[in-house]
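Student: In the numbering used here, the protein residues as written are 40 to 167. Virtual Cβ for every residue (Gly too), placed ideally from N, Cα, C. Please read through the structure below; I'll follow up with questions.
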Amino acid sequence: MAKAVVEGAKNVGKVDVELSYFVEAEDLGQFDAILVGTPTYHHDVPIDIKTLFEEASARGINLKGKTGAAFGSYGWSGEAPKLVMEIMKNKFDMNVTEPPLLTKYVPDQSTLEQCRALGKRISESLMR
Ligand SMILES: Cc1cc2nc3c(=O)[nH]c(=O)nc-3n(C[C@H](O)[C@H](O)[C@H](O)COP(=O)(O)O)c2cc1C
């Protein structure tokens with residue numbers, strides 16, 4: 040899903056796109072948009088992603104006004120992307136307008152197309 044989001048986000052104007060499996064909290068401040076892909080485990084967000092936002096908060100990283108979105112694969116409840124978006128919106132005052140993009144287990148072609156469309160929309164929104 041993340042690779043498809045990146046495919047969609049690339050080649051839109053002069054937007055630089057980075058796909059990372061690990062990000063330091065300090066580095067979050069350099070991005071205009073942050074799109075988090077997260078599975079749901081035990082009705083929750085994986086600890087690595089929580090820790091990332093905890094550290095960003097503890098270190099006073101300012102994410103206000105940056106674009107945020109979240110997507111992910113799940114099995115039966117799929118809370119994690121919504122929870123990440125709530126952290127982005129309520130804790131960091133980020134600009135979160137997209138609904139969470141969810142898929143059950145393995146994304147099919149139609150979901151991957153939705154991922155590309157999400158990436159493209161976000162990049163286009165940054166060009167305005
Ligand atoms: C230990 C464990 C706990 C899980 N808990 C949940 C859950 O609470 N809700 C849910 O929707 N899916 C749950 N799942 C299913 C995963 O979200 C699903 O398999 C997802 O596709 C995992 O994505 P990943 O392979 O990218 O980590 C769980 C899976 C495992 C192995």
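(1) Need the endpoints of the alpha helix (DSSP H) that V44 sits in, please.
(2) For ligand 1, which residues have a Cβ under 6 Å from at least one heavy atom, in chain order?
(3) Less than 6 Å between C-beta atoms, sequence neighbours within five positions excluded: which residues of the same chain meet that for G52?
(4) With C-beta atoms as the reference, is Y113 less than 8 Å away from T136?
(5) Is the region 42–51 touching the region 82–93, taking contact as three or more C-beta pairs under 8 Å?
(6) Three or more C-beta pairs under 8 Å: does that hold for the region 141–161 against the region 93–105?
(7) Please report the distance separating the alpha-carbon of V250 from that of D71.
(8) Thinking just about the alpha-carbon of each residue, which of Q148, E125, K103, M40 is nearest to the one in Y60?
(9) Considering K143, what are the terminal residues of the beta strand (DSSP E) in which it resides?
(10) Pick from G76, I86, T106: whose alpha carbon is nearest that of R160?
Tutor: Quick answer:
(1) Residues 41–48.
(2) Counting every residue whose Cβ lies closer than 6 Å to a heavy atom of ligand 1, we get P78, T79, Y80, H81, H82, S112, Y113, G114, W115, S116, G117, Y144.
(3) Scanning its chain for C-beta atoms nearer than 6 Å, with the 5 sequence neighbours on each side dropped, one finds around G52 the residues M166, in chain order.
(4) No, they are not a contact pair.
(5) Not touching, per the Cβ criterion.
(6) With the cut-off at 8 Å, the region 141–161 and the region 93–105 do not touch.
(7) No answer is possible for residue 250: it lies beyond the span of the chain, which begins at 40 and ends at 167.
(8) Taking each of Q148, E125, K103, M40 in turn and checking the Cα distance to Y60, the smallest one comes out for M40.
(9) Element bounds for K143: 140–143.
(10) For R160, the closest C-alpha among the options G76, I86, T106 is that of T106.
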